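Here the structure comes first, spelled out in structure tokens, and everything after it is commentary.
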Amino acid sequence: MNVREAVQTFDEAQPSLLEHGPSLIERAARTASVAAAEADGVDRDARFPHKAFDTAREQKLLGVMIPVEFGGLGASIHDVTDICYTLGRACASTAMIYAMHTTKVACIIRHGHGIPWMETMMRRVARDQWLLASSTTEGQNGGNIRASAAAVDHAGDTVSLMRDATVISYGAQADGLVTIARRATEAAASDQVLLALAKDDYSLKQTQGWETLGMRGTCSTGFELKVDCPADRVFPEAYDKIHAQTMTPFAHLCWSSTWAGIAAASVTRAQAFVRKAARSSGGQMPPAAAHFTAAKMSLAKLRALISANLDAFARAEHDERALGSLDFQSSITLLKVQASELAVETVMHAMRTAGLAGYRNDGEFTMGRHLRDVLSSPIMINNDRILANAATSTLMSGIPTSLHD
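Letter 400 of the sequence shown, counting from 1, is numbered 404 in this note's numbering, and no numbers are missing.
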């Protein structure tokens, strides 16, 4: 059975499994409730959201995408992005960690079928609710994940790797790690492979801290990553294929859904502010009510943008030619840029709606944490880099001749 047939089989089995017990959105809501209660402390202390992820494990959220055959729920991209959105409304760090974990799990699911170790990882994620971290940024590459400095060193049935990982989000708290590297010491920087590692396969030595403006609970510290493990931890498929078909679509869709959740949370607070102000003034709208309208419009555009890209990916998910097309790759790449800019715009309008009440940190309408968290969105894999890299492909793509093309 090939990957496409396997995924289709698991998708067909999904409804019968999800009929039992709480729905995915109910599980997400329970986790979000816990995440919201500790969000301020997670942000203040820059600590990992342990209680939220204890609940996520109890609700089996970490393994929802794993196919039924391997003990999971076979959840779809629509399911997991809804979870990211729900968590994003409660705690941005919790949502972003979940989004990054989901992206790594997707890579294992979509490119690990028929490989005993990868199937073992799927079972461990489903059964033991393993949390998977990601190591894609290294040295001075500035977030260019399509070029690796560190190389895999092969010795019989084992491989080793030494990596200057300037950022590994929640690396110290993860149960496993997915990382990229050059295929071999003589390989070009762009000739990369992906590795899926259990905690026993590597060691971490912290080299940098994480004292940042926002997304503080992601604990994205720097590490020296040392890998010594069996060779079956390396995916047979080249990373460029995994990157285009899975890593980028899932990352950009899940990240964008997280940012939309943050934006929605700020709009909710702005709405509460306007309603309270109107009640206290006999129904008269506060001066900045126009910003609330702008915030609602911006959020609607953001949600529509994500929804359109979700549907496009769902249609093309099992079609390699469609996934590799210039139009799809341009759209899914630029989603990150557009969504991040819209999310920041939305939160800014929401804060201006509430004025000082939103700006201060000690009131019911405070939005400081939301703004600081969402400001990370244009920076993680910098928008300027994406736009510069996309210039050639966007120039080559056609201009639609109708509204329905």
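Note that CB positions come from ideal geometry on N, CA and C, so glycine has one too. Please read these numbers as outputs of a predicted model, since none were measured by experiment.
With C-beta atoms as the reference, is Cys111 less than 8 angstroms away from Val182? In the sequence shown, counting from the first residue as 1, residue 111 sits at position 107. In the sequence shown, counting from the first residue as 1, residue 182 sits at position 178. Against a cut-off of 8 angstroms, the Cβ pair of Val182 and Cys111 comes out as a contact.
Validate contact between the region 127-135 and the region 281-300 using beta carbons, cut 8 angstroms, 3 pairs: Fewer than three pairs of CB atoms, one per stretch, sit closer than 8 angstroms, so the region 127-135 makes no contact with the region 281-300.
Once DSSP output is grouped into helix, strand and coil, what is the label at Ile172? Numbered from 1 along the sequence shown, position 168 holds the residue referred to as residue 172. Here Ile172 sits in strand by DSSP.
Gly359 vs Met371 beta-carbon contact at 8 angstroms: For the purposes of this step, residue 359 is taken as the residue at position 355 of the sequence shown. For the purposes of this step, residue 371 is taken as the residue at position 367 of the sequence shown. With a cutoff of 8 angstroms on beta-carbon distance, Gly359 and Met371 are scored as not near each other.
Please return the same chain residues whose Cβ sits closer than 7 angstroms to the Cβ of Met251, not counting the five positions on each side in sequence. As a working note, residue 251 is residue 247 in the sequence shown. Taken in chain order, the residues that qualify are Thr107 and Cys111.
Given the structure, does Glu241 come close to the ligand NAP, in the sense that its CB is under 7 angstroms from one of the ligand's heavy atoms? Within the structure as shown, the ligand NAP is missing, as the structure has no ligands at all.
Kindly confirm or deny that the region 220-236 and the region 170-182 touch, where touching means at least three C-beta pairs closer than 8 angstroms. The region 220-236 vs the region 170-182: in contact.
Pick from Glu190, Ser139, Tyr206 and Ile266 that is closest to Asp377, judged by C-alpha positions: Residue 377 sits at position 373 when you count from the first residue of the sequence shown. Nearest of Glu190, Ser139, Tyr206 and Ile266 to Asp377, Cα basis: Ile266.
Per-residue burial, Leu136 [other beta carbons within 10 Å of its own, 16 or more giving buried]: Reading the sequence shown from its first residue, position 132 is the one you call residue 136. The residue is buried, with at least 16 neighbouring Cβ atoms inside 10 Å.
Rank Ala269, Gly116 and Leu199 by C-alpha distance to the C-alpha of Ala155 and give the top, closest one. Position 151 of the sequence shown, counting from 1, holds the residue named residue 155. That would be Leu199, whose Cα lies nearest to the Cα of Ala155.
Taking the alpha-carbon positions, what's the Val109 to Ser138 distance? Here the question's residue 109 lines up with position 105 in the sequence shown. Here the question's residue 138 lines up with position 134 in the sequence shown. About 10 angstroms.
Quick check on Asn365: buried or exposed, where buried means 16 or more other Cβ atoms within 10 Å of its Cβ? Numbered from its first residue, the sequence shown carries residue 365 at position 361. It is exposed - the Cβ of Asn365 has fewer than 16 other Cβ atoms within 10 Å.
Is Ser260 near Thr350, with beta carbons less than 8 angstroms apart? For the purposes of this step, residue 260 is identified with residue 256 of the sequence shown, where counting begins at 1. For the purposes of this step, residue 350 is identified with residue 346 of the sequence shown, where counting begins at 1. Not a contact, by the Cβ cut-off of 8 angstroms.
Could you tell me the boundaries of the beta strand (DSSP E) in which Lys209 lies? Within the sequence shown, residue 209 is the residue found at index 205, counting from 1. Segment Tyr206 to Gln212, the beta strand (DSSP E) holding Lys209.
If you reduce the DSSP assignment to three classes, tell me which class Leu201 lands in. Stepping through the sequence shown from its first residue, residue 201 is reached at position 197. Secondary structure at Leu201: strand, using DSSP grouped into helix, strand and coil.
Taking contact to mean at least 3 C-beta pairs separated by less than 8 angstroms, is the region 59-78 in contact with the region 28-37? Under the 8 angstroms Cβ criterion, the region 59-78 counts as touching the region 28-37, having at least three qualifying pairs.
Within the same chain, show all residues whose beta-carbon is closer than 8 angstroms to that of Ile119, passing over the 5 residues directly before and after it, in chain order. Here residue 119 refers to the residue found at position 115 of the sequence shown. Contacts found: Asp236, Phe239 and Pro240.
4 or more residues per run - each alpha helix (DSSP H) lying fully within the region 48-129: Within the region 48-129, the complete alpha helix (DSSP H) runs of at least 4 residues are 54-62, 81-92 and 96-115.
Residue from Phe277, Ser37 and Val231 with nearest C-alpha to Ser164: Counted from its first residue, the sequence shown places residue 164 at position 160. Residue nearest to Ser164 within the set Phe277, Ser37 and Val231 is Val231 (criterion: CA-CA distance).
Reduced DSSP secondary structure (H/G/I, E/B, other) of His408: By one-based count along the sequence shown, residue 408 stands at place 404. Coil.
In the DSSP assignment, what are the bridge partners of Ala276? The residue labelled residue 276 in the question sits at position 272 within the sequence shown. The partner list for Ala276 (beta bridge, DSSP) is empty, contrary to what the question assumes.
Within 10 angstroms of its Cβ, does Asp204 collect 16 or more other Cβ (buried), or is it exposed? For the purposes of this step, residue 204 is taken as residue 200 along the sequence shown, with counting starting at 1. Exposed, since its Cβ has fewer than 16 Cβ neighbours within 10 Å.
Does the structure place the region 278-287 close enough to the region 335-344 that three or more beta carbon pairs sit under 8 angstroms? In short, these stretches do not touch, since the Cβ pair count stays below three.
Alpha carbon of Ser381 to alpha carbon of Gln196, nearest angstrom: As a first step, residue 381 must be located in the sequence shown, where it is residue number 377. As a first step, residue 196 must be located in the sequence shown, where it is residue number 192. Roughly 26 angstroms between the two C-alpha positions.
Use the C-beta contact count for Thr398: other C-beta atoms within 10 angstroms, 16 or more gives buried, fewer gives exposed. For this step, residue 398 is matched to residue 394 along the sequence shown. Exposed, because fewer than 16 other Cβ atoms sit within 10 Å of the Cβ of Thr398.
Please specify which runs of the alpha helix (DSSP H), each continuous and at least 4 residues long, are wholly inside the region 240-265, giving them in chain order. Runs of alpha helix (DSSP H) with 4 or more residues, each lying fully within the region 240-265, are found at 243-246, listed in chain order.
Does the pairing of the region 64-82 with the region 310-318 give three or more beta-carbon distances under 8 angstroms? Between the region 64-82 and the region 310-318, the count of C-beta pairs closer than 8 angstroms reaches three or more; the two stretches touch.
For Thr419, the three-state DSSP class (helix, strand or coil): No answer is possible for residue 419: it lies beyond the span of the chain, which begins at 5 and ends at 409.
What number of angstroms, rounded off, separates the C-alpha of Thr357 from the C-alpha of Gly218? Taking the first residue of the sequence shown as 1, we reach residue 357 at position 353. Taking the first residue of the sequence shown as 1, we reach residue 218 at position 214. A direct Cα-to-Cα measurement between Thr357 and Gly218 gives close to 21 angstroms.
When you compare only the Cα positions, how much space is there between Gln249 and Met69? What you label residue 249 is simply residue 245 of the sequence shown in a count that begins at 1. What you label residue 69 is simply residue 65 of the sequence shown in a count that begins at 1. When rounded, the distance between both Cα atoms is 16 angstroms.
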